[in-house]
Structure formats: structure tokens, C-alpha cells
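Data first, discussion second: the structure below is written as C-alpha cells.
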Amino acid sequence: MVLQVSVMTPDGIFWDNKAEEVILPTNTGQMGVLANHAPLITALDVGVTLIRTDKKWTPLAVMGGFALVKQNQITILVNGAESADTLQSEKVEASFEEAKNQLENAESEKQRVDALFQFKRARARYQVIKQLVN
Amino acid sequence: MEALSGTRASFAGATHAFTARKLPGTCRRISLQVRNAGTREIRDRISSVKNTQKITEAMKLVAAAKVRRAQDAVVRGRPFAENLVKVLYGVNQRLRVEDIDSPLVENRPVKTVLLLCVTGDRGLCGGYNAIVIKKTEARYNELTKLGVKVRLLLIGKKGSAAFKRRPNYKNAIGNVYDMGQAPSVKEAQVVADEIFSDFVSQEVDKVEIIYTKFVSLIASEPVVQTLLPLSPIGEVCDVDGNCVDAAEDEVFKLTTREGQLVVESEKTAKADPSDFEAGLIFEQDPVQIVDALLPLYLNSTLLRSLQEALASELAARMNAMSSASDNAAELRKGLNQVYNRKRQAKITTELSEIVAGASSV
Chain A
1 MVLQVSVMTP DGIFWDNKAE EVILPTNTGQ MGVLANHAPL ITALDVGVTL IRTDKKWTPL
61 AVMGGFALVK QNQITILVNG AESADTLQSE KVEASFEEAK NQLENAESEK QRVDALFQFK
121 RARARYQVIK QLVN
Chain B
1 MEALSGTRAS FAGATHAFTA RKLPGTCRRI SLQVRNAGTR EIRDRISSVK NTQKITEAMK
61 LVAAAKVRRA QDAVVRGRPF AENLVKVLYG VNQRLRVEDI DSPLVENRPV KTVLLLCVTG
121 DRGLCGGYNA IVIKKTEARY NELTKLGVKV RLLLIGKKGS AAFKRRPNYK NAIGNVYDMG
181 QAPSVKEAQV VADEIFSDFV SQEVDKVEII YTKFVSLIAS EPVVQTLLPL SPIGEVCDVD
241 GNCVDAAEDE VFKLTTREGQ LVVESEKTAK ADPSDFEAGL IFEQDPVQIV DALLPLYLNS
301 TLLRSLQEAL ASELAARMNA MSSASDNAAE LRKGLNQVYN RKRQAKITTE LSEIVAGASS
361 V
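These protein sequence lines map, in sequence, to chains A and B.
Just so we're aligned: 79 in our numbering is position 79 of the first sequence, and the numbers increase by one with no gaps anywhere.
Just so we're aligned: 180 in our numbering is position 180 of the second sequence, and the numbers increase by one with no gaps anywhere.
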């Protein structure tokens, strides 16, 4: 356990723990970080961050932000974070379907931008739930 | 005629209990209130004042407890804000030579302005809501005079009720949100999403927020700040162009000193650019990273404004209720005096009647 991972939201510190491996949903695809990674800064998309402690993977839905990797300290600053403990699976599935519909039926540019945001968040939550099942 | 002046006097007494000013003529007003009243009426009035005082005192304590909670929320958000400012500062140091071209910093010719008006959900807090509403109206008129179209986004029940009542704002009012008891990321996010999509889809060219800045428990200041377009180095500017560098932001803190609640404001730690070593890899194009940073910054600024507005509201309520309690106490004291005087006068009259009756036998 060499990586110190802290996930911060404007509400407070959401997660602050040691880990062995972290997979980040960056803007340009997923990126894994192991111990002694070179210092790096990356933008994060709305998606799922995977944190491995021992052999256990913990999925967290993160709502866009960035991550800073420096001397085995990973600071993830995001708009919002949710874990499986804070989500209810039925609600998440329903809102995922709804967001998908809204995106498909969006007409104006404003509606499309709105719907895309909603969809991305709903999808991240959905993936957290599904990750647990598998 | 007497009945009329009586009702007016008791009405004056009722408003008096809730105004913050200390009026010199309290005693005269008291005697006016109960001029023609019998002892029973005065007794009723005293118990009514007593009840009002209890209520205002309780409201004061509730507001004080809530200010504390509002402060906790600000403190909890601090690690996020500090880290964000540090990174934003560092990235900008590195990017100083490059042009940053993000949709959130785009300066367009201003045709439509979105005004965010932050008020509270409830009254009984002195002039808090009225001041923000007046400021919003002034800004609205100012902008309309310049030929700019203005749209309003109202946060807080009091503000929305006030603007819905006025027919000339009918077409300007957009979405309306409640302030809630504790603004969280979720609420800020909903509002931020709306202004973000409005701005990016070019429906508005500028977003300004009017809220009450928390200075101290007894002072707060309504301000107009530009939210969008953001300045690329993370500054918050008011409409006059005075900018506060985000790195030198102040965070207020409520503490107790000798049993009194006091507010201390402290500067957040100045971002240290040396934290940002030269070897840092930018995983994406720097512009993309700035793109990811700025929405975060927008959200946290918005959340911070909401939290400060709430803290100001609670502080205003605390003060209003505190002076209401003081006034009620004074009123009660005066009424008690009048009551005792009347009671004694009655006893004296009765005694002298008895004595006179006995001596005449």
C-alpha cells in the first residue's frame, strides 16, 4: 500500500485512504497509476474511478474534475463523488434510462448540452452499480 | 376616536418589537399603549410581550446554531478550494505564455445578461432580503438602460415572490430555486449546469451574481460579481472591475471569545508555485486541463456564494431577533411599571374610601 489517494469534493473529503493501484477515467481514456508514477496532472471525465486496496476493487463515480499525481500522492478533485454505499440500484437504473431517452430526444442545442450532462452522470452511477454485480 | 388611537398604538408596539432601532420614546409609547386600559388589559399585554420575547429569543438561538453549521460547511469545503486554487495557479504559471481558449473564458459582445439573485427562503431577518432585491432591481434597470437584455434566475423564496409580484419582470424571470437550509454541491451543481449551458449555447453572454457577502456577524455587504466569463487565472471580479485573486481569498470563521460569538476571517494559504515542479507531465493538452479546472472553479465559487449568503441571512436574523428581544424586554419593564402604578393607585383609592366610610359613621 504505497499510494495515498484522496478524493475531494466541494462538500468535503470523500475518500482518503491508502491503495495499491488506481484507474482514472481521464478525458483521453482510462489510465492506471501504480506506485512511483511520474508526476502528472490530468483532466477527468465524468466516469468511474477504480481504487484497488489489496485485491479488492472499489468503484467510485466521479463527476468530472482533475487528478494530480505527485510522489505517490494522488489528489482527485471532482465536482461530486458517489460510491456504491450512497447509491440505490433501482433508482440509478431508472434515471439512466430516462437520461438516455432525454438525450435521444433533445432538440435545441441547450437541451442537448443539458441532456448530455445528465446522461454522463447517470451512466457513471450505473457503471458503479454494475461493477459490484460482476 | 379613542378606540382608533388605541389600535394604532398597539400596532406601533407590534412593529416596534421587530425593528432593530432603539427608539427614545419607549416609555411614552408604553403609556400610550395602555392609556385607557384597565389592569386586566395591561396584564394581558405583559403576558403577550413575554411570549413574543420568548419566541424571538428562541429564534435568535436557532439562528446562532445554524450560523455555526453554515461555517462548518465552509470549513469542510476548504481542502477542496485550497487544492483547486493551488493547481489553477500552478497551471497558469506554466501556461502564462499560451493563449487559453476555453468556452468559459470567452468574452463576447454582451447582448443578454443573466442575473442570479440570491435571497433567503424566510423573512424576519431585518432588511436582508429587501436589500438584495433592491440591488437586483437597480442592476436590472442599469443594464436595461444600456440596451442589454436581462434575464433573472432567482434563488430563494423571498426573491422569487418579490419579482413575481412585479408585472414588469414577467418576461425576465427564468427558473426559480429554493435556497434550502444548507446549500450543498447538488444544489450548486444544478444552478451551475443551467448557467453553464446557457452561456455555452450563447443564450446569455454574461452571468452576474448578486448575493450578500459575509463580513462579520453584524456586517454583511450585498455585492454584484461576474461569474461568467471566468477570468482564466481564477479571479473573481465585481462589476467595477475590482478583482480578488482567488489565491488570496478570505475564509471566515466563527469562534467564541469570552463567551461571545465572534468572527475571524483568515486568508487562505497563498498558493506556492514551487509545489509545481517543472517535470510535471500534462496528460492532455493544457487547454483541456484548464477546461476541466474551470467548471470546478465555477461550481465551487457558486457554492461558496450560496454558503456566504446563507451565513449572512442567519447572522441578519440573529441580529434582528436579538434587538427584538431587547425591545420586548424594555417594553415589558415599562408595562410592568405602569401596571404596578395602577395597582397601587387602586389600592390607595380603596383604602381611602374605606377610611372615609369609617370616619363618616
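Virtual Cβ for every residue (Gly too), placed ideally from N, Cα, C.
Computed from a predicted model, the values in this text were never measured in an experiment.
Are the C-beta of alanine 292 (chain B) and some C-beta of chain A separated by less than 8 angstroms?
-> At least one CB of chain A lies nearer than 8 angstroms to the CB of alanine 292 (chain B).
Residue environment, arginine 304 (chain B), which counts as buried when at least 16 other CB atoms sit within 10 Å = That one is buried.
Tell me, please, whether the stretch 87–96 of chain B touches the stretch 12–21 of chain A by the rule of three or more beta-carbon pairs shorter than 8 angstroms.
-> The stretch 87–96 of chain B, when compared against the stretch 12–21 of chain A, does not touch it at the 8 angstroms Cβ threshold.
Taking all protein chains shown into account, do 16 or more other C-beta atoms lie within 10 angstroms of the C-beta of valine 69 (chain A), making it buried, or fewer, making it exposed?
-> Residue burial annotation: valine 69 (chain A) is buried, with at least 16 other C-beta atoms found within 10 angstroms of its C-beta.
Delimiting residues of the alpha helix (DSSP H) encompassing asparagine 17 (chain A) | Where asparagine 17 (chain A) is concerned, there is no enclosing alpha helix (DSSP H), although the beta strand (DSSP E) it sits in stretches over 12–19.
Under 8 angstroms, do glycine 64 (chain A) and leucine 77 (chain A) count as touching if we go by C-beta distance?
-> No. Outside cutoff.
With a Cβ-Cβ cutoff of 8 angstroms, do glycine 80 (chain A) and glutamine 307 (chain B) count as a contact?
-> Cβ distance not < 8 angstroms, so glycine 80 (chain A) and glutamine 307 (chain B) don't count as in contact.
Using three-state DSSP, classify valine 128 (chain A) as helix, strand or coil.
-> In the three-state scheme derived from DSSP, where H, G and I count as helix and E and B as strand, valine 128 (chain A) is classed as helix.
Where does aspartate 72 (chain B) land, buried or exposed, given buried means 16+ other C-beta within 10 angstroms?
-> Exposed is the call here.
Cβ of serine 369 (chain B) within 8 angstroms of any chain A Cβ | Coverage of chain B is limited to positions 1 through 361, which leaves residue 369 (chain B) absent and any answer about it impossible.
Distance, phenylalanine 163 (chain B) Cα to threonine 349 (chain B) Cα | When rounded, the distance between both Cα atoms is 60 angstroms.
Do we get a CB-CB distance below 8 angstroms when we pair leucine 331 (chain B) with the residues of chain A?
-> Leucine 331 (chain B) does not count as touching chain A.
Residues of the stretch 95–128 of chain A whose Cβ lies closer than 7 angstroms to any Cβ of chain B, in chain order = Within the stretch 95–128 of chain A, contact with chain B at the beta-carbon level (separation under 7 angstroms) is assigned to Glu109, Lys110, Val113, Asp114, Phe117.
Cβ neighbours of valine 200 (chain B) in the same chain (closer than 6 angstroms, five flanking residues each side left out) = Closer than 6 angstroms at the Cβ level, and outside the excluded window around valine 200 (chain B), lie Pro103.
Cβ-based burial, glutamine 344 (chain B) [other Cβ within 10 Å; buried from 16] = The residue in question, glutamine 344 (chain B), is exposed, as its Cβ has fewer than 16 Cβ neighbours within 10 Å.
Which chain B residues sit within Cβ distance under 8 angstroms of threonine 9 (chain A)?
-> Near threonine 9 (chain A) (Cβ distances below 8 angstroms), the residues of chain B are Phe80, Val185.
Who are the Cβ neighbours of valine 67 (chain B) in its own chain at under 7 angstroms, not counting the five residues just before and after it?
-> Scanning its chain for C-beta atoms nearer than 7 angstroms, with the 5 sequence neighbours on each side dropped, one finds around valine 67 (chain B) the residues Leu254, Ala311, Leu314, Ala315, Met318, in chain order.
Shorter than 8 angstroms from the beta carbon of alanine 279 (chain B) to some beta carbon of chain A?
-> Correcting the residue identity first, residue 279 (chain B) is glycine in this sequence and not alanine. Chain A, which has a Cβ nearer than 8 angstroms to the Cβ of glycine 279 (chain B), makes this yes.
What's the C-alpha gap between aspartate 114 (chain A) and tyrosine 140 (chain B)?
-> In a straight line, the C-alpha of aspartate 114 (chain A) is about 27 angstroms away from that of tyrosine 140 (chain B).
Give a yes or no on whether the minimum CB-CB distance between alanine 38 (chain A) and chain B is below 8 angstroms.
-> At a cut-off of 8 angstroms between beta carbons, alanine 38 (chain A) contacts chain B.
Are the C-beta atoms of isoleucine 289 (chain B) and some chain A residue less than 8 angstroms apart?
-> Yes, isoleucine 289 (chain B) lies at the interface with chain A (some Cβ there is under 8 angstroms from its Cβ).
Should glutamate 250 (chain B) be flagged as near chain A, meaning a C-beta pair shorter than 8 angstroms?
-> At glutamate 250 (chain B), the pLDDT of 49 sits below 50, so the modelled position is not reliable; the number obtained from the coordinates is stated separately. Taking Cβ atoms only, chain A never reaches closer than 8 angstroms to glutamate 250 (chain B), which makes this a no.
Counting contacts by CB-CB distance shorter than 8 angstroms, is arginine 21 (chain B) in contact with chain A?
-> The predicted model places arginine 21 (chain B) with a pLDDT of 48, which falls under 50 and marks its position as unreliable; any figure quoted below should be read in that light. So, not an interface residue.
Just mark valine 402 (chain B) as buried or exposed, buried being the case when its beta carbon has 16 or more other beta carbons within 10 Å.
-> In this structure chain B extends from 1 to 361, so residue 402 (chain B) is not present and cannot be described.
State the Cα-Cα distance for the pair leucine 87 (chain A) and proline 25 (chain A), rounded to the nearest angstrom.
-> So the alpha carbons of these two residues sit roughly 19 angstroms apart.
First and last residue of the uninterrupted beta strand (DSSP E) at tyrosine 177 (chain B) | Run containing tyrosine 177 (chain B): 173–177, per the beta strand (DSSP E) assignment.
So the beta strand (DSSP E) arginine 304 (chain B) belongs to, where does it begin and stop?
-> That residue, arginine 304 (chain B), is in no beta strand (DSSP E); its alpha helix (DSSP H) goes 286–360.
Closer than 7 angstroms by C-beta to glycine 126 (chain B): which residues in its own chain qualify, once you throw out the five before and the five after it? Chain order, please.
-> Result list for glycine 126 (chain B): Ala20, Ala316, Asn319, Ala320, in chain order.
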